[in-house]
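Residue numbers (the numbering used here), protein chains in the order written: chain A, 179 to 563; chain B, 5 to 211.
All C-beta atoms, glycine included, are put in the ideal place defined by N, C-alpha and C.
A quick write-up on the structure given underneath.
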Amino acid sequence: MNTVAPPPVAQPPGSVGVVSAQKASFDRPLQLRSGARIDRYELAFETYGRLNATRSNAVLVCHALNASHHVAGVYAGDSKNVGWWDNLVGPGKPLDTERFFVLGVNNLGGCHGSTGPASVNPQTGRPWGAQFPLVTVEDWVEAQARLADYLGIEQFAGVIGGSLGAMQALQWTMSYPIRVRNALVIAAAPKLSAQNIAFNEVARQAITTDPDFHGGDFYAHGVVPRRGLRLARMLGHITYLSDDAMAEKFGRALRSGSLKFNFDVEFEIESYLRYQGDKFSEYFDANTYLRITKALDYFDPAAHYDGDLAKALQRAQARFLVVSFTSDWRFSPARSREIVKALIDNRLDVSYAEIDAPHGHDAFLMDDPRYHGVVRAYFENIETD
Amino acid sequence: MPVDQASSGRLARRRDFDAIAEWVRPNAHVLDLGCGDGALLRFLRDRRSATGYGVEIDDARLLASVRNGVNVIQSDLESGLSEFESDSFDYVILSQTLQAVRHTERILREMLRVGREGIVSFPNFGYWRHRLQVLGGNMPVSSNLPYQWYNTPNVHLFTIADFESFCREHGIRILQRAVMDEDGRPVAVWTNLLGALAVYRLDLNRS
Numbered sequence: 179m180n181t182v183a184p185p186p187v188a189q190p191p192g193s194v195g196v197v198s199a200q201k202a203s204f205d206r207p208l209q210l211r212s213g214a215r216i217d218r219y220e221l222a223f224e225t226y227g228r229l230n231a232t233r234s235n236a237v238l239v240c241h242a243l244n245a246s247h248h249v250a251g252v253y254a255g256d257s258k259n260v261g262w263w264d265n266l267v268g269p270g271k272p273l274d275t276e277r278f279f280v281l282g283v284n285n286l287g288g289c290h291g292s293t294g295p296a297s298v299n300p301q302t303g304r305p306w307g308a309q310f311p312l313v314t315v316e317d318w319v320e321a322q323a324r325l326a327d328y329l330g331i332e333q334f335a336g337v338i339g340g341s342l343g344a345m346q347a348l349q350w351t352m353s354y355p356i357r358v359r360n361a362l363v364i365a366a367a368p369k370l371s372a373q374n375i376a377f378n379e380v381a382r383q384a385i386t387t388d389p390d391f392h393g394g395d396f397y398a399h400g401v402v403p404r405r406g407l408r409l410a411r412m413l414g415h416i417t418y419l420s421d422d423a424m425a426e427k428f429g430r431a432l433r434s435g436s437l438k439f440n441f442d443v444e445f446e447i448e449s450y451l452r453y454q455g456d457k458f459s460e461y462f463d464a465n466t467y468l469r470i471t472k473a474l475d476y477f478d479p480a481a482h483y484d485g486d487l488a489k490a491l492q493r494a495q496a497r498f499l500v501v502s503f504t505s506d507w508r509f510s511p512a513r514s515r516e517i518v519k520a521l522i523d524n525r526l527d528v529s530y531a532e533i534d535a536p537h538g539h540d541a542f543l544m545d546d547p548r549y550h551g552v553v554r555a556y557f558e559n560i561e562t563d
Numbered sequence: 005m006p007v008d009q010a011s012s013g014r015l016a017r018r019r020d021f022d023a024i025a026e027w028v029r030p031n032a033h034v035l036d037l038g039c040g041d042g043a044l045l046r047f048l049r050d051r052r053s054a055t056g057y058g059v060e061i062d063d064a065r066l067l068a069s070v071r072n073g074v075n076v077i078q079s080d081l082e083s084g085l086s087e088f089e090s091d092s093f094d095y096v097i098l099s100q101t102l103q104a105v106r107h108t109e110r111i112l113r114e115m116l117r118v119g120r121e122g123i124v125s126f127p128n129f130g131y132w133r134h135r136l137q138v139l140g141g142n143m144p145v146s147s148n149l150p151y152q153w154y155n156t157p158n159v160h161l162f163t164i165a166d167f168e169s170f171c172r173e174h175g176i177r178i179l180q181r182a183v184m185d186e187d188g189r190p191v192a193v194w195t196n197l198l199g200a201l202a203v204y205r206l207d208l209n210r211s
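Following this line, the structure appears as structure tokens:
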């Protein structure tokens with residue numbers, strides 16, 4: 179947490195400006211879906227805008243695989259570290275911080291400030307490492323609900339997320355039906371397909387077979403399974419982009435203009451993937467990556483209802499906006515339509531936009547006017563007192 | 005006859021709204037196919053406490069529906085209504101949309117599968133003004149057909165007589181009918197000649 183008054187930094191219009199992270203500590207044990215229990219934990223979070231007198235304007239932003247509580251704005255002295263959904267969240271933006279009090283939280287098991295595998299286990303005095311339990315979407319929602327209690331938020335005006343974040347928004351409507359008035363479920367799937375799980379498993383294998391992984395207790399050895407993380411990230415990136423977007427961005431362009439007949443970087447796409455992999459392996463915790471991919475694999479709210487998603491959503495009361503992107507092959511529009519159908523079967527309020535965008539799964543992070551237009555219009559109709 | 009396309013399009017829609025609202029039971033669950041900016045759904049919500057959804061394919065109209073605060077599902081009517089269970093709506097509505105749908109038989113079959121009843125409104129191509137324009141050598145343009153031949157979204161133009169024989173041939177029962185002139189006044193005689201707009205309440209003859 180930054181306690182020093184930041185120097186004034188010029189921010190582009192629409193930015194929430196300089197922000198700082200906060201932490202909340204919890205000492206009531208959290209029972210996890212796996213059967214394990216975490217006795218004490220911390221959650222890192224950021225807020226933007228003002229909570230109104232009736233505490234009715236709070237919006238929770240749930241993050242996906244590699245993001246964090248740093249949703250919008252910049253940190254003092256680090257103007258390049260822009261929040262991951264800054265194009266959506268800010269004054270005058272689709273999720274308008276002039277009207278809404280926006281909360282971003284780093285999930286339990288994360289590596290950006292919340293208690294996770296790299297944190298010190300109070301019982302041993304050493305990093306949790308392999309001992310950190312596996313966490314699920316349901317567990318995250320539980321922890322987020324406790325953070326809401328801590329902040330005095332009884333009911334969210336909205337819960338929004340993309341991809342894995344959208345799964346949390348969906349879970350909120352089932353775990354706490356009366357605590358969420360609107361759920362914005364973007365680039366989602368009601369559960370992973372075998373192909374999705376397969377990609378996750380290859381990513382996990384890349385990490386766990388890295389000699390520097392040491393069964394998850396690499397911290398004691400002063401190393402990081404960099405090669406594994408790098409491969410995991412490269413693989414992930416392929417699934418986030420569409421074939422067309424990759425062709426458009428890189429095609430078969432060569433780094434140096436001609437073939438060299440060796441195994442160095444030749445094609446631009448190779449350079450891009452290596453760069454993304456390298457960058458990721460610098461800051462992301464391998465144990466967190468393993469757990470987040472597992473949380474994705476485990477998410478299947480319909481499983482307890484003979485695979486009937488409509489039954490699982492029977493207790494939901496929120497209004498929904500579901501958005502998908504035509505070029506997203508990781509979580510295709512058909513997956514979002516499964517969610518829409520289950521909501522319609524329950525006669526719940528839902529609008530569904532299928533955005534014809536070329537960027538693939540990553541489109542939910544892009545500034546597409548049709549996409550942002552629908553999200554903006556939806557938020558404008560959410561009453562705040 | 006000079007026609008202000010934008011305003012007349014809106015007015016033309018309004019004319020069938022009243023007839024539709026009169027037929028729709030309070031608290032009914034409705035599906036509006038080709039819902040445009042969601043005005044009809046809003047009207048039915050305000051007048052009849054109706055719930056339900058619109059279906060719209062166009063990005064701009066979808067956005068307008070979201071702005072209007074109605075539920076709208078982006079989907080192509082031509083590919084069917086697989087998102088919707090059989091008999092899951094009290095009414096499925098095609099308000100001045102049928103003439104713009106390519107697969108007429110399929111959409112009407114789907115409509116009466118998903119809805120216990122269907123409500124269809126359409127501009128009557130047999131309206132005397134339209135006939136005069138065709139006799140004069142031009143495709144008709146009027147407040148109910150506000151497009152030129154080259155920019156019309158309409159792919160099937162038909163008359164009241166055509167629609168009623170279609171219903172007979174396809175086992176569709178006509179439960180109620182309202183025919184009106186260009187000013188929205190009811191037309192009781194020579195409907196196929198004097199009617200500019202027709203509205204029907206239908207169900208499937210399941211016997």
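In the structure shown, I560 of chain A adopts coil according to DSSP, grouped into three states.
Under the three-pair Cβ rule at 8 Å, the region 141-160 of chain B does not count as touching the region 79-98 of chain B. In the displayed model, M544 of chain A falls within coil according to three-state DSSP, outside both helix and strand. Contact annotation for Y530 of chain A against chain B: I77, Q78 [CB-CB distance below 7 Å, chain order]. Comparing alpha-carbon positions, the option among A:E532, A:L499, A:V528 lying closest to S505 of chain A turns out to be A:E532. Taking 8 Å as the threshold, the shortest C-beta distance from L208 of chain B to chain A does not fall below it. Annotated three-state conformation of I61 of chain B is coil, per DSSP. The beta carbon of R71 of chain B sits closer than 8 Å to some beta carbon of chain A. P511 of chain A sits buried, since 16 or more C-beta atoms from the chains shown fall within 10 Å of its C-beta. Proximity of V358 of chain A to chain B, defined by a Cβ-Cβ separation below 8 Å, is not satisfied. For A555 of chain A, the chain B residues whose Cβ falls inside 7 Å of its Cβ are L67, V70, R71, in order along the chain. Taking a 10 Å sphere around the C-beta of P479 of chain A, we find 16 or more other C-beta atoms and assign the residue as buried. D63 of chain B reaches chain A at A531, I533, D534, R548, G551, V552, counting residues in chain order whose Cβ is nearer than 9 Å.
With a minimum length of 3 residues, the unbroken runs of beta strand (DSSP E) contained wholly in the region 271-317 of chain A fall at 279-283.
S212 of chain A is not a Cβ neighbour of L286 of chain A, given a cutoff of 8 Å. For N142 of chain B, the number of other beta carbons within 10 angstroms of its own is below 16, and it is reported as exposed. The C-alpha of C171 of chain B lies about 12 Å from the C-alpha of V124 of chain B. L342 of chain A and L474 of chain A do touch by the CB rule: their CB atoms are close to 6 Å apart, below 8 Å. Rounded to the nearest angstrom, the gap between the Cα atoms of G188 of chain B and L37 of chain B is 22 Å. Three or more Cβ pairs closer than 8 Å define a contact, and the region 373-384 of chain A falls short of that threshold against the region 337-354 of chain A.
Around the Cβ of G393 of chain A, a 10 Å sphere holds fewer than 16 other Cβ atoms; the residue is exposed. Here the alpha carbon of A199 of chain A sits roughly 31 Å from the alpha carbon of T386 of chain A.
Taking 8 Å as the upper bound for CB-CB distance, S420 of chain A and G538 of chain A are in contact here, some 3 Å apart. For H134 of chain B, the enclosing alpha helix (DSSP H) stretches over residues 132-139. The Cβ atoms of F88 of chain B and I522 of chain A lie closer than 8 Å to each other.
Among the CB atoms of chain B, one or more fall inside 8 Å of the CB of D523 of chain A. With a 10 Å radius around the Cβ and a threshold of 16 neighbouring Cβ atoms, V401 of chain A comes out exposed. Within a 10 Å sphere around the beta-carbon of W318 of chain A sit 16 or more other beta-carbons, which makes this residue buried. For G251 of chain A, no pairing in a beta bridge is given by DSSP. F310 of chain A and L243 of chain A have their alpha carbons spaced roughly 18 Å apart.
Judged by beta-carbon spacing, E444 of chain A lies within the 8 Å limit of L437 of chain A, meaning their Cβ atoms are closer than that value.
When rounded, the separation of the alpha-carbon atoms in V118 of chain B and G130 of chain B is 30 Å. Annotation for F162 of chain B: no beta strand (DSSP E) segment contains it, and DSSP assigns it neither H nor E.
Listed along chain A, the residues sitting closer than 7 Å to F88 of chain B by beta-carbon distance are I522. For Y328 of chain A, the three-state secondary structure derived from DSSP is helix. For R513 of chain A, no CB of chain B lies under 8 Å from its own CB, so it is not counted at the interface with that chain.
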